[in-house]
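Quick note on the working numbering: the sequence shown kicks off at 97 and runs consecutively.
What follows is a set of notes on a single structure, which appears directly below.
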Amino acid sequence: MDELTPRQILDRLVSFPTVSRSPNLDLIDWVEAYLAGHGIESHRHWNEDRTKAGLFAHVGPWVEGAVVLSGHTDVVPVDGQTWSSDPWTVTERDGRLYGRGCCDMKGFDALALWALVRAHHAGIARPLQIALSYDEEIGCLGAPPLIDAMQGVVPKGTAVIVGEPSRMQLITGHKGGAGFHVHVKGYEVHSSLLPQGVSAIMEGARLIQWINDRNAEIQAAPRGALGARFDPPFTTLHVGMIEGGTAHNITAADCRFAVEMRVVPDDDLEALAAAFEAESARLDAALKARRPEAGVHLQRFFGVPALTPEADGPAEALLRQLTGQNAAGVVSYGTEAGQFQEAGYSAVVCGPGDIAQAHQPDEFLSLAQFQAGHDLMKKLVEQLG
Numbered sequence: 097m098d099e100l101t102p103r104q105i106l107d108r109l110v111s112f113p114t115v116s117r118s119p120n121l122d123l124i125d126w127v128e129a130y131l132a133g134h135g136i137e138s139h140r141h142w143n144e145d146r147t148k149a150g151l152f153a154h155v156g157p158w159v160e161g162a163v164v165l166s167g168h169t170d171v172v173p174v175d176g177q178t179w180s181s182d183p184w185t186v187t188e189r190d191g192r193l194y195g196r197g198c199c200d201m202k203g204f205d206a207l208a209l210w211a212l213v214r215a216h217h218a219g220i221a222r223p224l225q226i227a228l229s230y231d232e233e234i235g236c237l238g239a240p241p242l243i244d245a246m247q248g249v250v251p252k253g254t255a256v257i258v259g260e261p262s263r264m265q266l267i268t269g270h271k272g273g274a275g276f277h278v279h280v281k282g283y284e285v286h287s288s289l290l291p292q293g294v295s296a297i298m299e300g301a302r303l304i305q306w307i308n309d310r311n312a313e314i315q316a317a318p319r320g321a322l323g324a325r326f327d328p329p330f331t332t333l334h335v336g337m338i339e340g341g342t343a344h345n346i347t348a349a350d351c352r353f354a355v356e357m358r359v360v361p362d363d364d365l366e367a368l369a370a371a372f373e374a375e376s377a378r379l380d381a382a383l384k385a386r387r388p389e390a391g392v393h394l395q396r397f398f399g400v401p402a403l404t405p406e407a408d409g410p411a412e413a414l415l416r417q418l419t420g421q422n423a424a425g426v427v428s429y430g431t432e433a434g435q436f437q438e439a440g441y442s443a444v445v446c447g448p449g450d451i452a453q454a455h456q457p458d459e460f461l462s463l464a465q466f467q468a469g470h471d472l473m474k475k476l477v478e479q480l481g
């Protein structure tokens, strides 16, 4: 089988509409077959209903210490967006590659697959691995079980490069995150009989006010050393959508909203999540005391640990050697890097493209960024050899 160029691989990856709500198995089938065609064995990790799979592979000596190239295979929907070209076909114009996932993050995935095959054929002294996950776009759900599945199947790696778009800048820290779906259940009565009912909207507003109060406290508190490097330089809690109610003159039977937390490495993500859960439990008990039908139900739908800058981390050292960069940055979005770090790997973020393009109509990756990513991979393969 011929070695494909990064652009040829990107064309194939983008052609698979791997929106998070849909299976990704066509893409995984193709990757598995492509690697097998070059004599590379890959391994799948299936989700619970076997509609999606992550994939990992190892080339080079069967020893620990590999460099791991990590990316996700899922993309966000194009529903309701106006595109100038087919989002599932890579279209080149004006020095840019347009298509869903070109930037976030099939551009990096294509480069990583190219590097894995090139390293396998070139012969390398230090091993290289790839890890492709699913369901990153709905809360980095697929990476932790994939990381677990890698243990004992391939030798453990040392340095992880997560290729989220960073304009090829070295990123050594990002915020952690957690999210809750909140359902406040009320009891309907005519609004003229307000004390006899429970308004889910008015009670849900108490939890939202608790969130506002926490934001005010956090922003008034002294900045931690790590948090001060972020923009904004503190933890934030946010409610972006809310729905509920039947009519203006009926106490609302239901109120639903989602809470998002973005937590700087200085702060304790789980402690903040536990505080929100405790406040929700307090309100739940109060509502049930008024009407047994009422209450608060929480569903945590994601939790992503922060990436904390490492002192003398091997991943950072490797990227500095490859890129020549002396400075390292932090970002406020979350990635799988914190999950790798939590599992005992050294991790950084570095990938082609601008995060501002992620999830947008006419999403694009500039040719210059794609070439910069290719140059980095060529240097990586050379160094491993």
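C-beta atoms are modelled at their ideal positions from N, C-alpha and C, and glycine is treated no differently.
- With fewer than 16 neighbouring CB atoms inside 10 Å of its own CB, N308 falls in the exposed class.
- Secondary structure at S111: coil, using DSSP grouped into helix, strand and coil.
- Under the three-state reduction of DSSP, G269 is assigned to strand.
- Taking the Cα positions, G197 is about 7 Å away from G203.
- Annotated three-state conformation of S288 is helix, per DSSP.
- Shortest Cα-Cα distance from D175 to any of A221, V115, A208 involves V115.
- In the same chain as N120, and ignoring 5 residues on each side of it, the C-beta atoms closer than 8 Å to its own belong to F112, T114, K148, A149, T169, D170, Y230, in chain order.
- Inside the stretch 284-342, DSSP marks whole alpha helix (DSSP H) runs of 4 or more residues at positions 296-316, from first to last along the chain.
- In summary, H277 is exposed, with fewer than 16 beta-carbon neighbours lying within 10 Å of its beta-carbon over all protein chains present.
- Residue burial is scored here from C-beta neighbours: H217 has fewer than 16 other C-beta atoms within 10 angstroms and is therefore classed as exposed.
- The C-alpha of A348 is placed about 45 Å away from the C-alpha of V445.
- In this structure, DSSP gives E128 a helical state, which the three-state scheme calls helix.
- Taken in chain order, no unbroken stretch of alpha helix (DSSP H) lies wholly in the stretch 341-379 with a span of 4 residues or more.
- K281 sits in a strand when the DSSP states are folded into three classes.
- DSSP places G425 outside any alpha helix (DSSP H); the residue lies instead in the beta strand (DSSP E), whose first and last residues are 425-427.
- Looking at the DSSP output, W142 sits in a beta bridge with A149.
- With three or more CB-CB distances shorter than 8 Å, the stretch 294-304 counts as touching the stretch 373-391.
- In the DSSP assignment, A433 falls within the unbroken alpha helix (DSSP H) covering 433-438.
- Bounds of any alpha helix (DSSP H) do not take in R117, whose DSSP letter is neither H nor E.
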